[in-house]
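Residue numbers (the working numbering): 3 to 152.
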């Protein structure tokens, strides 16, 4: 069954990622003010910085269409109809083959430097600082403090 027949043309996926969109995404995907079109409703124009939040909200408002769309495994912003997902995966610009990443030390950015662990203050002794003159705890005993009012 066609998505347009299932839900109606006003709520069908507006478009898939075109070549023009791919070029724009490569050049300005980090621009937070870039305007994107919602894949659930063509009337929604969203800033790039708000796009992930909008997609979650719109997915709840269009549950039938959400069942027909799948997220690209390389870029979750690419929402593709189920039938076209395999073709998109082969052509996605965010896809990287293992040959491209060979020889590159990409996990260098994920390495966290390990600092030697040292005691910041070697003269500090918490046992000496403990208060030995604390009143013992007595069950069912309460201390009442009366406040004088003027």
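Glycine included, C-beta positions come from ideal geometry on N, C-alpha and C.
Per DSSP, cross-strand counterpart(s) of residue i
| i | result |
| --- | --- |
| residue 72 | 82 |
| residue 38 | 48 |
Sequence-distant residues of its chain with Cβ nearer than 6 Å to residue i (five each side left out)
| i | result |
| --- | --- |
| residue 138 | none |
| residue 140 | none |
| residue 79 | none |
Beta-carbon gap between residue i and residue j smaller than 7 Å
| i | j | result |
| --- | --- | --- |
| residue 58 | residue 71 | no |
| residue 35 | residue 49 | yes |
| residue 38 | residue 53 | yes |
Closest by C-alpha distance to residue i, when choosing among the options
| i | options | result |
| --- | --- | --- |
| residue 56 | 118, 69 and 40 | 40 |
| residue 69 | 142, 42, 118 and 128 | 42 |
Cβ neighbours of residue i in the same chain (closer than 7 Å, five flanking residues each side left out)
| i | result |
| --- | --- |
| residue 76 | 94, 96 and 97 |
| residue 47 | 37 and 39 |
| residue 125 | none |
(message) For the segment 84-92 against the segment 55-68, do three or more pairs of beta-carbon atoms, one drawn from each stretch, fall closer than 8 Å, so that the two count as touching?
(response) no
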